[in-house]
Amino acid sequence: MTIHRGRGFASINYPIGMNLGGDPSQALVHSSPDGKFAIALSSIDLGQGMKSVTRQIAAETLGVPVEDVYVDTADSDTGPHCMGSFASRGTHRVGNAVIVAAKEARAIMLEAAAEELEVNADDLETDGRGNIHLRGAPDRSITTGDACQAAQFRHGKTVAGRGIFLIPLSEVEPETGEMTPVSCYAHAALVADVMVDDETGEVTVEQVNSAYEVGRAINPRLVEQQLVGGAWMGLSHALYETTEPRYPDRSHGPVDFSQYTMPGPGDIARHDIAILERPAPDGPFGGKGPGEMCANPIMPAIANAVFNAVGVRVTALPITPEKVLRGLKANGGARPGPRR
């Protein structure tokens, strides 16, 4: 028995959203009389942090504390239209729609504050802590809560906003039909170090090093957690998840996730991540979001690492011990490649 070590590399350019009908997303913003703001979306939070990110975007645009903002993604029947939570589009498309809606609501709130303070609304600014004051004269101020209350009970104004974001439609090359399918891309590069046992065919991932370009990381901790979780899922696809050898007869196969083959905490390798920020010109505060690309590069990187370790090129996932052993037998043994 010999343990062979290998290193594999993969890089990707991942599209954000799509270009079908402008890929629209809508958002609604309104305040209660006490100055708390509700954001209504039909973009569902699947664990990718949609609520947290749009809450931050809304609070920053409105100029209010983030704890004064609530995001509701409960019902796509009664909420504003959205194309959906897919194609890594959430931060970019929905975030931009939230900005448009929040700007409209903010303008109405400042109008009410201006009437209360008897000043011009253009001369007012928010401090992000729940106050509106005259620019250059912070003692002339009113709370955002009092401004919203005055709007509704004294000035007959609804502090609300509607927002929609569309991307410019791509021009189509008349002869070929070629077009630009998306508005921007995110990028990633990943290196995986593995061990391959040439007696059992087992593959163990020792370490992962990666770099992701995500525009601006609006919530860095959420981005890091998503990248780690996505790599875990990609590792699972690469080495574990399959119905073999039960397919096509799965009558004696796993019936729930307690029996389904997936990696546990002890199977997860050390993962060092570099988050590279290059703000997107058309993104909300420069954000694009990591989205689906979290899980993409680790799969080809592991496949390349296995090839580097023993010379077996597995072209269909997962890379099971059986496939590795069959490849070793076909090659007449392990054929390690150069290690860099």
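If you use numbering that gives the first Met the number 0, the sequence shown closes out at 339, no skipped numbers anywhere.
For glycine and all other residues, C-beta sits at the position ideal for the given N, C-alpha and C.
- In the DSSP assignment, ASP138 falls within the unbroken beta strand (DSSP E) covering 136–142.
- The DSSP-derived three-state label of THR203 is strand.
- Every unbroken stretch of the alpha helix (DSSP H) spanning 4 or more residues and falling wholly within the segment 108–182 is given here in chain order: 143–152.
- The residue from LEU189, ALA216 and GLY200 with its alpha-carbon nearest to that of ILE56 is ALA216.
- Taking the CA atoms as reference points, ILE272 sits about 12 Å from PRO219.
- In this structure, ASN307 and GLY5 form a Cβ contact; the two beta carbons are roughly 4 Å apart against a cut-off of 8 Å.
- The three-state reading of DSSP puts LEU61 in helix, counting H, G and I together.
- Straight through space, the alpha carbons of ALA39 and PRO64 are spaced by roughly 18 Å.
- Membership of VAL70 in any alpha helix (DSSP H) is not indicated; the residue belongs instead to the beta strand (DSSP E) covering 68–71.
- Just so you know, the alpha carbons of GLY233 and PRO299 end up roughly 10 Å apart.
- Residue pairing by DSSP leaves PHE256 without any beta bridge partner.
- Between the segment 130–142 and the segment 67–74, the count of Cβ pairs shorter than 8 Å is below three; the stretches do not touch.
- Listed in chain order, the non-local C-beta contacts of VAL213 below 8 Å within the same chain comprise ALA185, VAL222, ILE274, LEU275, GLU276, GLY286, LYS287, GLY288 and PRO289, local neighbours out to five positions each way being set aside.
- Here PRO337 carries a coil assignment [DSSP, helix/strand/coil].
- Per DSSP, ARG220 is not a residue of any beta strand (DSSP E); the alpha helix (DSSP H) it occupies stretches across 219–238.
- Residue pairing for ASP271: DSSP places it in a beta bridge opposite ASN208.
- A direct Cα-Cα distance of roughly 9 Å separates GLY176 from GLU170.
- Per DSSP, the continuous alpha helix (DSSP H) segment holding ASN330 begins and ends at 320–330.
- Straight across, the Cα-Cα distance linking THR314 with SER51 is about 38 Å.
- Close CB contacts of LEU165 within its chain, under the 6 Å cut and outside five residues either way in sequence, are with GLY21 and PRO23 (chain order).
- SER42 sits in coil when the DSSP states are folded into three classes, being neither helix nor strand.
- Note on geometry: alpha-carbon atoms of ASP74 and SER41 lie some 6 Å from one another.
- In the three-state reduction of the DSSP assignment, GLN55 falls in the helix class.
- Its chain contains PRO320 as the residues whose beta carbon lies nearer than 7 Å to that of THR199, once the 5 sequence neighbours on both sides are disregarded; these appear in chain order.
- Close CB contacts of VAL97 within its chain, under the 8 Å cut and outside five residues either way in sequence, are with ALA26, VAL28, ILE38, LEU40, THR53, ILE56, ALA57, THR60, GLY162 and PRO283 (chain order).
- TYR239 and LEU226 do not touch by the CB rule: their CB atoms are close to 20 Å apart, not below 8 Å.
- By the C-beta density criterion, ASP76 is exposed, having fewer than 16 other C-beta atoms within 10 angstroms.
- With contacts defined by Cβ atoms closer than 8 Å, PRO262 and SER235 form a contacting pair.
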